[in-house]
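Trainee: Would you mind keeping the following structure in view while I ask a few things?
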Amino acid sequence: MPSEPTPRLAYDRPPLDEVIRAFTNGMAVRTGKVTLDLSPLVENGNAVPVKVTVESPMTEADHVRRIALFNERNPQPDIAVFHLFPGAGRAEVATRMRLATSQKVAAVAEMADGGFWMAEASVVVTLAACIEDLI
Amino acid sequence: MRTLINVPKTANKGEIVEIRAMIAHPMETGYRTGENGVPIPRRIIHRFTCSFAGREIFAADLFPAMSANPFLAFTTIATQSGSFTFTWTDEDGTTQSAAAEITVT
Amino acid sequence: MRGRPWALLLLAAVLAAAAAAADIPEADRRSGYELMSPELRAMQDDELSNPGMFSVLDGERLWQEPGGAAGTACAGCHGDAEESMRGVAARYPAFDAALGRPIDLAGRISQCRTERQEAEPLPRESEALLALSAFVAHQSRGLPIDPPDDPRLQPFRARGAELYQTPIGQLDLACASCHDDNWGRRLGGSTIPQAHPTGYPLYRLEWQALGSLQRRLRNCMIGVRATPFDFGAPELIELELHLMARAAGMAMETPAIRP
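Put into structure tokens, the structure is as follows:
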């Protein structure tokens, strides 16, 4: 009889490539078509502006279905999954995310033909000296 | 209602318009502690949708790695005058919504 | 979250040899805005994506809301804030004759609330007081800081200037040690700003919320391992008087964004 699995600690998260494989259901992911617009150095990880653009005409036949944003070193790998539809004009989404520390961020796009494309970017999150100590 | 929506008031038919939506919400991760080390309970908006004339044109699944006061910007092609509706749904099931009009000529 | 005492200790050592604080020449004055990335500047500039605007909108609603035993709203006396409050925050703290000492904007709002509206006072740093302060200060956005030339303020402003230069806390650092003598240099990963109070109340990404100048001043004091003055303490208002005089002519930014 198999032993009970040990519960995972909060920080014991799956690595980035495993997370991407789960999103694509094991399908191959090609690098390209996706642009991840992200400052390489951010002053505070609590609200990091990020923009993802995917090359796509966004027509009924050829559009981006989903774009997922994942991180490498937060306690949890998911940031957001965006659902897009034909008629969007552009496959372009901007948001603000939390990054616990310097790390890689990945954007993975699922196209209407079932293919996956991705881009990665590395971000340095500077550590401030003067942070609030509640007393 | 504490939302900030940015939709152009007018657009030409066929023009790509940018929509920006932000809601006041702590997106509390559940990992933080407050005064005296008391844990702050998790509170997360996990779903955002935007519809135009009753049809969904954009949606997002959100996680604790989204910033507080989550902000989203996306695009759509202006096809006709009408109303955009925005909804934000918390993990506890509560939903907030907002609307914005556009005149397309 | 814990501070990083090593960084501060290192700085304290560097500063031990530094010369006495010198004022920043007017041509070199910089708002913290100018030290931020283009992304954060854009977040501040665009009022529809600036999260500090939620408090301004709350304040706008509270401004119209009748309250207290008197059943009056701020708007009942002051009318349209766009006219009546334009430039007001840029002139605070002001001298309060009845109190015989200066009062800051949040203090004045709270005073109005208890004396005119006959309502419960709004605690310092409460969402409602921050919202009303942000709403009033927002009416001065873009206007130059214009400290009143009131001789009764002078002794208090002088005490604020003295406190600014006085080393405090276990790290034995004065405000001036960092913000006059070492602005533009790095402490940990961040650039030391000149400490101009141009954007308060402001939305700090670190706080993930809007907060007051007093909250920030108390952070600094705790950072140098000093016992901070209580919210509303006369010393904090004196320090604000000095900081506003030091920033005279710089544009108000409320609600500013800072990392």
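Just so you know, the protein sequences line up as chains A, B and C, in that order.
With the first letter of the first sequence counted as 1, position 51 gets the number 51 in the working numbering; the numbers rise by one all the way through.
With the first letter of the second sequence counted as 1, position 42 gets the number 177 in the working numbering; the numbers rise by one all the way through.
With the first letter of the third sequence counted as 1, position 259 gets the number 499 in the working numbering; the numbers rise by one all the way through.
Beta carbons: idealized from backbone N, C-alpha and C, even for Gly.
#1: Kindly indicate which three-state DSSP category V254 (chain C) falls into: helix, strand or coil?
#2: Is the beta carbon of P342 (chain C) sitting closer than 8 Å to the one on L393 (chain C)?
#3: Here's the rule I'm using: 16 or more other beta-carbon atoms within 10 Å means buried, otherwise exposed. How should D420 (chain C) be labelled?
#4: Going by beta-carbon coordinates alone, are L84 (chain A) and V64 (chain A) separated by less than 8 Å?
#5: So which residues on chain D does A159 (chain B) lean against when the C-beta distance must stay under 7 Å?
#6: Where does the unbroken beta strand (DSSP E) through V50 (chain A) begin, and where does it stop?
#7: Could you tell me the distance, in whole angstroms, from the CA atom of N422 (chain C) to the CA atom of D412 (chain C)?
#8: Name the residues in the segment 448-459 of chain C whose C-beta lies less than 7 Å from a C-beta of chain B; which are they?
#9: Anything in chain C within Cβ reach of L139 (chain B), meaning under 9 Å, just list it in chain order.
#10: Would S122 (chain A) be called buried (16 or more neighbouring beta carbons within 10 Å of its own) or exposed?
#11: Pick out whichever of B:S186, B:A200, B:A234 has its Cα sitting closest to the Cα of T211 (chain B).
#12: With a threshold of 8 Å on Cβ separation, who are the neighbours of D17 (chain A) within its own chain once the five nearest residues in sequence on each side are excluded?
#13: Put S232 (chain B) into one of helix, strand or coil per three-state DSSP.
#14: Using a C-beta to C-beta distance shorter than 9 Å, which residues of chain A count as neighbours of T238 (chain B)?
#15: Looking at G451 (chain C) and G347 (chain C), is the spacing between their C-beta atoms short of 8 Å?
#16: Here's a check: name, in chain order, each residue in its chain whose Cβ is nearer than 7 Å to the Cβ of F209 (chain B), leaving out the five neighbours to either side.
#17: Is L442 (chain C) closer than 8 Å to I497 (chain C) when the C-beta atoms are compared?
#18: Rounded to a whole number of angstroms, what is the C-alpha to C-alpha distance between R381 (chain C) and E110 (chain A)?
#19: Helix, strand or coil: how does DSSP classify N506 (chain C) here?
#20: At what residue ranges does the segment 323-353 of chain C contain a whole run of the beta strand (DSSP E), taking only runs of 3 or more?
#21: What span of residues does the beta strand (DSSP E) with N141 (chain B) cover, start to end?
#22: Would you identify the three-state DSSP class for W447 (chain C), choosing helix, strand or coil?
#23: Given this structure, state the Cα-to-Cα distance separating R177 (chain B) from L372 (chain C), to the nearest angstrom.
#24: Cutting at 7 Å between CB atoms, please list the residues of its own chain near N71 (chain A), excluding the five before and the five after it.
#25: I think A200 (chain B) touches M58 (chain A), with their Cβ atoms under 8 Å apart; what is that distance to the nearest whole Å?
#26: Using a C-beta to C-beta distance shorter than 9 Å, which residues of chain A count as neighbours of G463 (chain C)?
#27: Using a C-beta to C-beta distance shorter than 8 Å, which residues of chain C count as neighbours of F206 (chain B)?
#28: Please classify G424 (chain C) as buried or exposed, where buried requires at least 16 neighbouring CB atoms within 10 angstroms.
#29: I believe G489 (chain C) touches P384 (chain C) by the beta-carbon criterion, under 8 Å. Please report the beta-carbon distance rounded to the nearest angstrom.
#30: Is the Cβ of L41 (chain A) closer than 8 Å to any Cβ of chain B?
#31: Within its chain, find whatever has a CB closer than 8 Å to the CB of A330 (chain C); leave out the 5 residues flanking it on each side and keep chain order.
#32: When DSSP labels each residue in this structure, what does Q103 (chain A) get in the three-state scheme?
#33: Closer than 8 Å between beta carbons: that is the criterion. Which residues of the segment 184-206 of chain B meet it against chain C?
#34: Would you verify that the beta carbon of R177 (chain B) is, or is not, closer than 8 Å to some beta carbon of chain C?
Mentor: Answer, in terms of the structure:
#1: In the third sequence, the residue the question calls residue 254 (chain C) occupies position 14. Legend: pLDDT at V254 (chain C) = 45, less than 50; position of this residue unreliable, value from coordinates given subsequently. Residue state, collapsed to three classes: helix.
#2: Translated into the one-based positions of the third sequence, residue 342 (chain C) becomes position 102. Translated into the one-based positions of the third sequence, residue 393 (chain C) becomes position 153. A contact, by the Cβ cut-off of 8 Å.
#3: The residue given as residue 420 (chain C) occupies position 180 in the third sequence. Buried is the call here.
#4: Looking up residue 84 (chain A) in the first sequence gives position 84. Looking up residue 64 (chain A) in the first sequence gives position 64. It is a contact, given that the beta carbons lie within the stated cut-off.
#5: Considering every chain present, this structure includes no chain D. Its protein chains are A, B and C.
#6: As a position in the first sequence, residue 50 (chain A) is number 50, starting the count at 1. Where V50 (chain A) is concerned, the enclosing beta strand (DSSP E) stretches over 48-54.
#7: The residue you call residue 422 (chain C) lines up with position 182 of the third sequence. The residue you call residue 412 (chain C) lines up with position 172 of the third sequence. Our two residues, N422 (chain C) and D412 (chain C), have alpha carbons roughly 15 Å apart in a direct line.
#8: Q448
#9: By one-based count along the second sequence, residue 139 (chain B) stands at place 4. Ordered by position in chain C, the residues that pass the 9 Å Cβ test against L139 (chain B) are E287, L288, S289, N290, P291, M293, F294, L297.
#10: For the purposes of this step, residue 122 (chain A) is taken as residue 122 along the first sequence, with counting starting at 1. Answer is exposed; the Cβ neighbour count stays below 16.
#11: Taking the first residue of the second sequence as position 1, residue 211 (chain B) is located at position 76. Comparing Cα positions, the closest option is B:S186.
#12: Counting from one through the first sequence, the residue named residue 17 (chain A) turns up at place 17. So the list is empty, once near-sequence residues are dropped.
#13: Taking the first residue of the second sequence as 1, we reach residue 232 (chain B) at position 97. Note: S232 (chain B) maps to strand in three-state DSSP.
#14: The residue you call residue 238 (chain B) lines up with position 103 of the second sequence. Going along chain A, no residue has its Cβ under 9 Å from T238 (chain B), so there is no contact; the nearest lies around 18 Å.
#15: In the third sequence, counting from the first residue as 1, residue 347 (chain C) sits at position 107. In the third sequence, counting from the first residue as 1, residue 451 (chain C) sits at position 211. No. Outside cutoff.
#16: Numbered from its first residue, the second sequence carries residue 209 (chain B) at position 74. Apart from sequence neighbours up to five positions away, the residues of its chain that approach F209 (chain B) with a beta-carbon distance below 7 Å are I154, F193, ordered along the chain.
#17: Indexing the third sequence from 1 puts residue 497 (chain C) at position 257. Indexing the third sequence from 1 puts residue 442 (chain C) at position 202. Against a cut-off of 8 Å, the Cβ pair of L442 (chain C) and I497 (chain C) comes out as a contact.
#18: The count along the third sequence starts at 1 and reaches residue 381 (chain C) at position 141. The count along the first sequence starts at 1 and reaches residue 110 (chain A) at position 110. Rounded to whole angstroms, R381 (chain C) to E110 (chain A) spans 44 Å at the Cα level.
#19: As displayed, chain C neither begins before 241 nor continues past 499, which places residue 506 (chain C) out of reach and without an answer.
#20: 334-336, 341-343
#21: On the second sequence, residue 141 (chain B) is found 6 positions in, with the first residue counted as 1. Where N141 (chain B) is concerned, the enclosing beta strand (DSSP E) stretches over 138-141.
#22: Against the third sequence, residue 447 (chain C) aligns to sequence position 207. The answer is coil: DSSP assigns W447 (chain C) none of H, G, I, E or B.
#23: Along the second sequence, one-based indexing puts residue 177 (chain B) at 42. Along the third sequence, one-based indexing puts residue 372 (chain C) at 132. Spanning the two alpha carbons is a distance of roughly 28 Å.
#24: Walking along the first sequence from the start, residue 71 (chain A) turns up at place 71. P77, I79, L99, Q103, V105, listed in sequence order.
#25: In the second sequence, the residue the question calls residue 200 (chain B) occupies position 65. In the first sequence, the residue the question calls residue 58 (chain A) occupies position 58. Contact flag wrong, Cβ pair sits at about 26 Å.
#26: Within the third sequence, residue 463 (chain C) is the residue found at index 223, counting from 1. Within 9 Å Cβ-Cβ: A129, C130, I131, E132, D133.
#27: Within the second sequence, residue 206 (chain B) is the residue found at index 71, counting from 1. Within 8 Å of the CB of F206 (chain B), the CB atoms of chain C belong to S289, P291, in sequence order along the chain.
#28: Counting from one through the third sequence, the residue named residue 424 (chain C) turns up at place 184. Under this definition G424 (chain C) is an exposed residue.
#29: The residue you call residue 489 (chain C) lines up with position 249 of the third sequence. The residue you call residue 384 (chain C) lines up with position 144 of the third sequence. Right, their Cβ atoms sit about 5 Å apart.
#30: For the purposes of this step, residue 41 (chain A) is taken as the residue at position 41 of the first sequence. Judged by the 8 Å Cβ criterion, L41 (chain A) is not in contact with chain B.
#31: On the third sequence, position 90 is the one that residue 330 (chain C) refers to. The answer, listed in chain order, is S380, L383, P384, I385, D386, M492.
#32: Here residue 103 (chain A) refers to the residue found at position 103 of the first sequence. In the structure shown, Q103 (chain A) sits in a strand (DSSP, three-state: E or B).
#33: S202, A203, N204, F206
#34: Here residue 177 (chain B) refers to the residue found at position 42 when the second sequence is read from its first residue. Judged by the 8 Å Cβ criterion, R177 (chain B) is not in contact with chain C.
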